[in-house]
Structure formats: C-alpha cells, structure tokens
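Those protein sequence lines, which keep their order, are chains A and B. Quick note on numbering: the first sequence equals residues 1 to 332 in my numbering. Quick note on numbering: the second sequence equals residues 1 to 353 in my numbering.
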Amino acid sequence: MTIFFANQFAIGKNSRGIRARPLCLRSPVLKFIFRKLVQGILLVVIVSAAVFLLLSAAGGDALSGLRENPQVSAETVERLRVYYALDRPVGERYLRWAADAARGDLGESINFRTPVASMVGSRLLETLKLSAVTLLLALGVSLLFSFLIIRTRSRALDRLAEAFVLVFASTPVIVTSLVVLATVAAASTFAAAGSIIFSAVALAPPFIGLFLAQTKRGFEEAMRENFVQLARSKGLSETAVIIRHAARAAINPLITLLGLSIGALVSGSVIVETVLGRQGIGSLTVAAVRSRDVPLVMGIVLIVSIAVWLGNTIGEFLQMANDRRLFDAERN
Amino acid sequence: MPNAIDTDIAASGSFERPRPAALIGIVVISLFAIVAIFADLIAPYDHASQQRTQPSAPVSRIRFIDDSGSFRPRPFFYPQRLADPLFLVYEEDRTRPIPLSLFVRGDRYPFLGLFETDLHLFGSVGTEVRFNLLGTDALGRDRFSRLVQGIRFSLIVAPLGVLLAGLLGVVIGTISGYAARWLDAGLMGVADAMLSLPTLVLILAARAAFPLELPPLSAGMLLVMIFAVVGWAEMARLTRGLVRTLQTREYVLAAHSIGLSPARILFRHILPNAAGPIMTQATLMLPAFLLAEVSLSFLGVGLQEPIPSLGNMLAAAGDISQLSRQPFLLLSPAIAIFLFVMAVRLAARGSER
Numbered sequence: 001m002t003i004f005f006a007n008q009f010a011i012g013k014n015s016r017g018i019r020a021r022p023l024c025l026r027s028p029v030l031k032f033i034f035r036k037l038v039q040g041i042l043l044v045v046i047v048s049a050a051v052f053l054l055l056s057a058a059g060g061d062a063l064s065g066l067r068e069n070p071q072v073s074a075e076t077v078e079r080l081r082v083y084y085a086l087d088r089p090v091g092e093r094y095l096r097w098a099a100d101a102a103r104g105d106l107g108e109s110i111n112f113r114t115p116v117a118s119m120v121g122s123r124l125l126e127t128l129k130l131s132a133v134t135l136l137l138a139l140g141v142s143l144l145f146s147f148l149i150i151r152t153r154s155r156a157l158d159r160l161a162e163a164f165v166l167v168f169a170s171t172p173v174i175v176t177s178l179v180v181l182a183t184v185a186a187a188s189t190f191a192a193a194g195s196i197i198f199s200a201v202a203l204a205p206p207f208i209g210l211f212l213a214q215t216k217r218g219f220e221e222a223m224r225e226n227f228v229q230l231a232r233s234k235g236l237s238e239t240a241v242i243i244r245h246a247a248r249a250a251i252n253p254l255i256t257l258l259g260l261s262i263g264a265l266v267s268g269s270v271i272v273e274t275v276l277g278r279q280g281i282g283s284l285t286v287a288a289v290r291s292r293d294v295p296l297v298m299g300i301v302l303i304v305s306i307a308v309w310l311g312n313t314i315g316e317f318l319q320m321a322n323d324r325r326l327f328d329a330e331r332n
Numbered sequence: 001m002p003n004a005i006d007t008d009i010a011a012s013g014s015f016e017r018p019r020p021a022a023l024i025g026i027v028v029i030s031l032f033a034i035v036a037i038f039a040d041l042i043a044p045y046d047h048a049s050q051q052r053t054q055p056s057a058p059v060s061r062i063r064f065i066d067d068s069g070s071f072r073p074r075p076f077f078y079p080q081r082l083a084d085p086l087f088l089v090y091e092e093d094r095t096r097p098i099p100l101s102l103f104v105r106g107d108r109y110p111f112l113g114l115f116e117t118d119l120h121l122f123g124s125v126g127t128e129v130r131f132n133l134l135g136t137d138a139l140g141r142d143r144f145s146r147l148v149q150g151i152r153f154s155l156i157v158a159p160l161g162v163l164l165a166g167l168l169g170v171v172i173g174t175i176s177g178y179a180a181r182w183l184d185a186g187l188m189g190v191a192d193a194m195l196s197l198p199t200l201v202l203i204l205a206a207r208a209a210f211p212l213e214l215p216p217l218s219a220g221m222l223l224v225m226i227f228a229v230v231g232w233a234e235m236a237r238l239t240r241g242l243v244r245t246l247q248t249r250e251y252v253l254a255a256h257s258i259g260l261s262p263a264r265i266l267f268r269h270i271l272p273n274a275a276g277p278i279m280t281q282a283t284l285m286l287p288a289f290l291l292a293e294v295s296l297s298f299l300g301v302g303l304q305e306p307i308p309s310l311g312n313m314l315a316a317a318g319d320i321s322q323l324s325r326q327p328f329l330l331l332s333p334a335i336a337i338f339l340f341v342m343a344v345r346l347a348a349r350g351s352e353r
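Below, the structure is given as structure tokens:
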C-alpha cells in the first residue's frame, strides 16, 4: 500500500523449512478450499454486520436531508421511512438485508434510485480493469528491473533500485494522482486525464516499490540456490538460467502479494478515480459516503470484501500450485 | 513480518548508532515536529484571515537588489497588484519596496497555549501588505501560513491515531499471545481479515455513519477513533508473535520458576523486551494514518475548512486551471506529505537492522 497500512503484505508464507513429503494433492486442496470458504463467509458476515450496525447506530440517514427540506412534508418522510423499512429495529433490518443479499438483491440506492447490485457490479468491473493494468505495469517494471540487475550484476543498478523502492514506496497515491493531473493540465489534454493508462500510472508507484523490493530479493535468494548452480553447470546461458530456473522460485512470494494487493488497489482507486474523474468503485464509494446512502455503502462493502477475499484465495492457491510443498504445510 | 519475528527478536535489541540515512530521516521528522509545535510562531499570518483583493497571488519574491541596481543589506519584496482580475494576472508595484524582518508583530495567538503574544518569526515591517512566501489561495489566505498550520493539524491527528490503534493492537496481541488456541486463532483470523480489506473503503464506510459536517475538534476525534478501530491489526499480529516468542526465553522461564506473578512477568519481562519492534511498527504506522487523514480531508469528510489540513489544502489542486498555472504552489502540501513519509521510512529502516 503502501497506500495504507504499510505492511499489509507481510503475511507471505515462507516456503522453506517444510519437509518434502510424497505428493498427495486431493485432501490438502479440499481442506484448503474448505478453510478459505469458512474464512470468507465469516469475514463477509462480520464486516457487513459491523458496518450495518455502525451505520444504523449513529443515527441520521439518507432522509435527513429531506427532512430539512421545507417542501417535503413530514408525512412523506414518514412514508419513505416505512418504504425503506427504516422504522424497523436494527437486527431485523440486517437480517432482511442479509437474506436479500444472499439472493443477489442488494436493494436500491436511495440517492441514485437504481439497483445497488448492478451499479456496484459495473463500477467494480471498471476498477478491476484499472487494477489489472496497474498490476501489469508494476510487475513489468519490477521484473524487468530485477532481471537487469541480476543479469548485469551492476552495483550501480542495484543502488538505483534501492532508491526506486524507497521513493516509490513513499509516494502516496494522492500525490502521484495529483502530479498526473498537473501534468495532464499542463499539456491541456483533459480528455486523457481519466484514461486507463494515466490512472494506472498514478496508481502504480507504491506497487512498483513493493514488487521491486520483493522480486529483487527473490532473485537474489534464488540465484544462490543449488538448482541454479546445476543449471549453470549444464552449460545453459545465464539468461536462460535466470528466466527458466531462477524466475519460478523468485516470483513465488510475488503471487500471494498480487492476491493481497486487491485491497490496496481498491483503496488506491478511491483517490485516483476521484482525482482523475474515473467512474469506478472508488469514486462510487465517495459518492455513497457523501450522500450517506446506506444501501449503497453496504453493497460496496459487501462486494469489495468478497472481491478481496477471492483475490487473496486465488493468490494463495496459485502460489501453492507453483510450489506444491505448501500444500503439505496445509495438512499440519 | 511475523515469521521473521517468530524466529528471532532478541538480536534487534542491541543498541547501534543510527546509519546516516536513518539520521536524515530522524532530522526531517524532528523538523516536522518543530513546525507542528511552533506553527503559530512560524506562520506569519492567521490561517483563516482572507485578503479578498489578493486571490491566488503568486509568490512574493525576496530581493536584495532594487531596480536602480543598488544592493540593499536588508531583504525586501515588492507588493503585488491584481492587474487582470479575470485571468488573475499580478504585477509587482516596483515603486514600493517593503522591507522584511525577523520577529515581527502580527496577529495575536496563544503561544503553546500558555500566554498570548503577537510575535511571528518573519514578516513585512510597518505595513498591511503581506509577504506571501508561497503565494495565496483562492480566498487570498497566505498559503505558507496554512501549510504550516495544516502540518500541525495533520500531525496531531496521525500520532493520536497511532497511539490509540497501537494500544489496542498491543492489548489484543497480548491477549492472543496468552489465550487458548481457539481464541488465538479467532483473534488472528480477524486481524488477517482486517489487513486484507481495503482500509480506505472501510474508513469511508465508517465515516458515512456520522454527519458529514462536523466541528474541527469532533471531526479530529472521530478520525482518531475510526483509525484505531480499523488500524490495530498489524500491531496485534506483531505483539502476539513477540509475546509467544518471549514466553519461551530462558529469563522468562526463570521468572516463572521463581514464582513471579504472570502480571509481573508480562509487564517487567515480556513487554519491555517487545518494546523495540513495537516502537518501530508504531513509527511505520504514522505515514499510513497521516495519509488516511489526508485522504479523508481531501475527499471533504475529514478536517474541514477553515481549519487547514494537508488534505483539504490539496483539494484546491482539483481546480485544473489553477493547477496548470501554479502547479508547485498548489502541490506544496503533497511535497510535505512525500517528505514526511520518506523520512519515516528512512528512520524506520535504520532502526530495523
């Protein structure tokens, strides 16, 4: 993140120190999926309940603004309260919401008067596109850079990478997106401001810092491994050694990191999309909070936490698929 | 990193002289702290007082050589006059050089809350014309004064949030470190979930529960509370790892065997030894909380005008025509944020080794 809490990613699993056992995929995989499923359901229930409780406990709702409007009678407000079931107790409202949500019905946004599910879905798609481009950009830069460092064994490049990590990791998305906006404004090509490339450039720096640090360390460790020595002694070219042999070990921790990045990407998109005027889940969150649109906020929190859980799970699963020893760790 | 901590923490306990990079970081953080503490003294003008005849004025340049080419030992500047109100073009009034001075009299303010004074670090002498080191904003308020005060307000909210979140994290982590397996797994599961969720979306969702417009004090308190509720997880994970490891150390076992009470062991033997990594973690949390405040204020749901914060000052940069005209002035809060975050990283990196 470090967009937000800096060491979000520090939960990576160490692949070392796990005894090699005969491969027995079936049960660990199922166990893994089952564990993640339970975790995901618990996560979604707890997060949605907490946000729902908070939103209703604080008092005031989307109708507060209406109440101060002299043109709207008290009866109308009361009718709307009943219509949106705001007169019912919290527990009942949450259960009703959860039951509807389970059937895919997230209710209707009070402010936009459209179904929450379709709105959040289409906006999330936009943000996922942006996230994909951002990740590709960050991955491309950091893999290429690490490859060059390892291939050329240049001290200067290594130092440069260290400086890049420090600067990029300490550049908040709010700073980069405003700098991108200023650049675009100076070139007076406003139409391009919201383009996916510019937004990805604004969102990428913290991820470049994070990934570059990880890939650099990964390659350095991998190059010391015995299988790299073996590949060299077979007479492979150094480039082939790095790409075919070292890379697979080096990128393994990166896979989980990618999965864990979803949360940070969504957080970052709040700022980038607001500054650069893109229509995504981030700018929708801001709009929902500004209008205190409870169904919309709930829908966003629900969908986003599911997306984050899915990202983490897929990341973890892919890492295990790449390094099957990790499945064995699952059994213990 | 929990794994690294599980294996060895005692090694990090030894005292080392900070490396140069860490020293730079510490110096910059101290400078920010000084600016925050003495903000009223450093800022030449009140952060809310407007000069409606001077909207979006450019920087008042400090000069030593006047138009006749002679050198003046005392720095001076020329007042700015709004030549074109539509396009906000200013020109300098070359006929009136105004001397600058250190320690001038100006707006009254309570110094450190102790006594009232009107002394300011620098400013123009004997005139109503203002010296705008970073120009003025759209309402004609001195941007430098606002930046200094903004650093103060942002730097009050962030450390308070870190303190509260850190405390919550240490308490939960300690409980988890001592607890039975199911409770431990449950607490750490929640912590992991909190870590993977998009923090800003959670903070915004929690913020939506409260009225949008709040007086500065309650807005600040609210932000601190929300940050604590959302940001405790990392600290809890770290503390739990430390507590679990330290429980197996010889001196803790020895303390057990001579019959010391668990509370005494916790407070005299375990927590003091965990203090180093916990402090580093707290330092690393600082930028995250600062950025949370900046983001919320930027989006208009954090600290609100006329109280300046780094975030709501940045909101002015959303005005593209102004931004293209004076990019560096409008982005000056962003530069401050960048410097602060980098300084914290340098300082924390030095103390990790």
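Even glycine gets a Cβ: it sits at the ideal position worked out from N, Cα and C. Nothing here was measured: the structure is a model prediction, and the numbers come from that model.
Where Met342(B) meets chain A, residues with beta-carbon distance less than 8 angstroms: As a first step, residue 342(B) must be located in the second sequence, where it is residue number 342. What Met342(B) touches in chain A: Leu166, Val167, Ser170.
Spatial distance of Leu137(A) from Leu257(A) (CA atoms): Counting from 1 along the first sequence, the entry for residue 137(A) is found at position 137. Counting from 1 along the first sequence, the entry for residue 257(A) is found at position 257. Annotation: Leu137(A) to Leu257(A) spans about 15 angstroms, alpha carbon to alpha carbon.
Going by C-alpha distance, which of Gly135(B), Val294(B), Ala21(B) is nearest Ala219(B)? Counting from one through the second sequence, the residue named residue 219(B) turns up at place 219. It is Val294(B).
Where Ala321(A) falls, given that 16 or more other Cβ within 10 Å makes a residue buried: As a first step, residue 321(A) is located in the first sequence; it is residue number 321 there, counting from the start. Classification for Ala321(A): exposed.
State yes or no: is the beta carbon of Ile255(A) nearer than 7 angstroms to at least one beta carbon in chain B? Within the first sequence, the letter at position 255 stands for residue 255(A). The beta carbon of Ile255(A) sits no closer than 7 angstroms to any beta carbon of chain B.
At a CB distance below 9 angstroms, what residues from the segment 265-277 of chain A approach chain B? Give them in sequence order. Of all residues in the segment 265-277 of chain A, Leu265, Val266, Ser267, Gly268, Ser269, Val270, Ile271, Thr274, Val275 have a Cβ within less than 9 angstroms of some Cβ in chain B.
Cβ of Val38(A) within 7 angstroms of any chain B Cβ: Position 38 of the first sequence holds residue 38(A). It does not: the Cβ of Val38(A) has no partner Cβ on chain B nearer than 7 angstroms.
Stretch-stretch touch, CB-based, cutoff 8 angstroms, three pairs: the segment 265-281 of chain B with the segment 205-217 of chain B: Contact between the segment 265-281 of chain B and the segment 205-217 of chain B is absent, because fewer than three Cβ pairs lie under 8 angstroms.
Give the range of the alpha helix (DSSP H) segment to which Gly282(A) is assigned. Counting from 1 along the first sequence, the entry for residue 282(A) is found at position 282. Gly282(A) -> alpha helix (DSSP H) spans 281-290.
Once the 5 residues before and after Leu202(B) are set aside, which same chain residues still bring their CB inside 6 angstroms of it? Taking the second sequence and counting its residues from 1, one reaches residue 202(B) at position 202. The beta carbon of Leu202(B) sits closer than 6 angstroms to the beta carbons of Val230 from its chain, once the five residues preceding and following it are set aside; these are given in chain order.
Residues of the segment 184-196 of chain B in Cβ contact with chain A at a cutoff of 8 angstroms, in chain order, please. Across the segment 184-196 of chain B, CB contacts with chain A closer than 8 angstroms involve Gly189, Val190, Asp192, Ala193, Leu195, Ser196, in sequence order along the chain.
Should Tyr78(B) go down as buried or exposed, given a rule of 16 or more other Cβ atoms within 10 Å for buried? Mapped onto the second sequence, residue 78(B) falls at position 78. That one is buried.
Which of helix, strand or coil does DSSP assign to Ala367(B)? The shown model of chain B, from 1 to 353, leaves out residue 367(B), and the question about it has no answer.
Enumerated in chain order, which unbroken segments of the alpha helix (DSSP H) with a length of 4 residues or greater are wholly contained in the segment 18-82 of chain B? Here the runs fully enclosed are 20-37, 39-42.
Write down the C-beta distance between Thr199(B) and Ser170(A) rounded to the nearest angstrom, noting that I regard them as a contact closer than 8 angstroms. Here residue 199(B) corresponds to residue number 199 of the second sequence, with the count starting at 1. Here residue 170(A) corresponds to residue number 170 of the first sequence, with the count starting at 1. Not quite, the Cβ-Cβ distance comes to about 17 angstroms (not below 8 angstroms), so this is no contact.
Pull up the distance between the alpha-carbon of Gly318(B) and that of Ile335(B), whole angstroms please. Against the second sequence, residue 318(B) aligns to sequence position 318. Against the second sequence, residue 335(B) aligns to sequence position 335. Across the structure, Gly318(B) and Ile335(B) are spaced so that their CA atoms are roughly 16 angstroms apart.
Taking Ala301(A) as part of the alpha helix (DSSP H), name the residues at either end of that continuous run. Taking the first residue of the first sequence as position 1, residue 301(A) is located at position 301. Looking at the sequence itself, residue 301(A) is Val, so the reference to Ala does not match. Going by DSSP, Val301(A) is part of the alpha helix (DSSP H) stretching over 294-322.
Please determine, among Arg325(B), Gly186(B), Ile156(B), Ser145(B), the residue with the shortest C-alpha to C-alpha distance to Pro216(B). One-based indexing of the second sequence puts residue 216(B) at position 216. Of the candidates Arg325(B), Gly186(B), Ile156(B), Ser145(B), the one whose C-alpha sits nearest the C-alpha of Pro216(B) is Ile156(B).
Answer with buried or exposed for Thr248(B), where buried requires no fewer than 16 other C-beta atoms within 10 angstroms of its C-beta. Reading the second sequence from its first residue, position 248 is the one you call residue 248(B). By the Cβ-count criterion, Thr248(B) is exposed, with fewer than 16 other Cβ atoms from all chains shown falling within 10 Å of its own Cβ.
Does the distance from the C-beta atom of Gln149(B) to that of Pro308(B) stay below 7 angstroms? The sequence position of residue 149(B) within the second sequence is 149, counting from 1. The sequence position of residue 308(B) within the second sequence is 308, counting from 1. Less than 7 angstroms separates the beta-carbon of Gln149(B) from that of Pro308(B).
Assuming Val116(A) and Pro295(A) form a contact by the criterion Cβ under 8 angstroms, report the distance between their Cβ atoms to the nearest whole angstrom. One-based indexing of the first sequence puts residue 116(A) at position 116. One-based indexing of the first sequence puts residue 295(A) at position 295. Contact holds; Cβ gap of about 5 angstroms.
From Asn312(B) to Ser154(B), what does the alpha carbon distance come to, in whole angstroms? Here residue 312(B) refers to the residue found at position 312 when the second sequence is read from its first residue. Here residue 154(B) refers to the residue found at position 154 when the second sequence is read from its first residue. Asn312(B) and Ser154(B): Cα-Cα distance of roughly 10 angstroms.
Since Leu130(A) and Ala187(A) should fall inside the 8 angstroms C-beta cutoff, what is the C-beta to C-beta distance between them, to a whole number of angstroms? Here residue 130(A) corresponds to residue number 130 of the first sequence, with the count starting at 1. Here residue 187(A) corresponds to residue number 187 of the first sequence, with the count starting at 1. By a beta-carbon distance limit of 8 angstroms, Leu130(A) does not contact Ala187(A). Their separation comes to about 21 angstroms.
Could you name the residues of the same chain whose beta carbon sits closer than 8 angstroms to that of Glu108(A), not counting the 5 residues immediately before and after it, in chain order? The count along the first sequence starts at 1 and reaches residue 108(A) at position 108. Closer than 8 angstroms at Cβ, skipping near neighbours: Thr114, Pro115, Val116, Pro295.
Pick helix, strand or coil for Val125(B), following the three-state DSSP scheme. Counted from its first residue, the second sequence places residue 125(B) at position 125. In this structure, DSSP gives Val125(B) a state outside helix and strand, which the three-state scheme calls coil.
Cβ pair Phe227(B), Ala292(B) closer than 7 angstroms: Counting from 1 along the second sequence, the entry for residue 227(B) is found at position 227. Counting from 1 along the second sequence, the entry for residue 292(B) is found at position 292. Yes. Within cutoff.
Please classify Pro89(A): does DSSP put it in a helix, a strand, or coil? Taking the first sequence and counting its residues from 1, one reaches residue 89(A) at position 89. It is coil, neither helix nor strand.
Straight-line CA distance for Arg159(A) to Ala213(A)? Sequence index remark: in the first sequence, residue 159(A) carries index 159 (1-based). Sequence index remark: in the first sequence, residue 213(A) carries index 213 (1-based). For Arg159(A) and Ala213(A), the distance between alpha carbons rounds to 12 angstroms.
Please confirm whether Ala186(A) has its beta-carbon closer than 7 angstroms to some beta-carbon of chain B. The residue given as residue 186(A) occupies position 186 in the first sequence. Answer yes: the Cβ-Cβ gap between Ala186(A) and chain B drops below 7 angstroms somewhere.
Where Ile110(A) sits in the DSSP three-state scheme: Mapped onto the first sequence, residue 110(A) falls at position 110. Coil.
Can you give me the Cβ contacts of Ala161(A) inside the same chain, cut-off strictly under 7 angstroms, excluding the 5 residues immediately before and after it? The sequence position of residue 161(A) within the first sequence is 161, counting from 1. Taken in chain order, the residues that qualify are Phe145, Ile149, Leu212, Lys216.
Pro97(B) versus Leu266(B), Val89(B), Asp67(B), residue with shortest Cα-Cα distance: Working through the second sequence from its first residue, we reach residue 97(B) at position 97. Closest option to Pro97(B), Cα to Cα, is Asp67(B).
Val275(A) lies in the alpha helix (DSSP H); which residues open and close that run? As a first step, residue 275(A) must be located in the first sequence, where it is residue number 275. 252-276 is the extent of the alpha helix (DSSP H) around Val275(A).
Could you check where the alpha helix (DSSP H) with Arg181(B) kicks off and where it finishes? Position 181 of the second sequence holds residue 181(B). Counting along the chain, the alpha helix (DSSP H) containing Arg181(B) begins and ends at 181-196.
Is any beta-carbon of chain B found at less than 7 angstroms from that of Val43(A)? For the purposes of this step, residue 43(A) is identified with residue 43 of the first sequence, where counting begins at 1. Val is not the amino acid found at residue 43(A); the sequence shown has Leu there. By the rule that beta-carbons nearer than 7 angstroms mark a contact, Leu43(A) touches chain B.
Here's the rule: buried if 16 or more other CB atoms are within 10 angstroms of the residue's CB, otherwise exposed. What is Pro20(B)? If you number the second sequence from 1, residue 20(B) lands on position 20. It counts as exposed.
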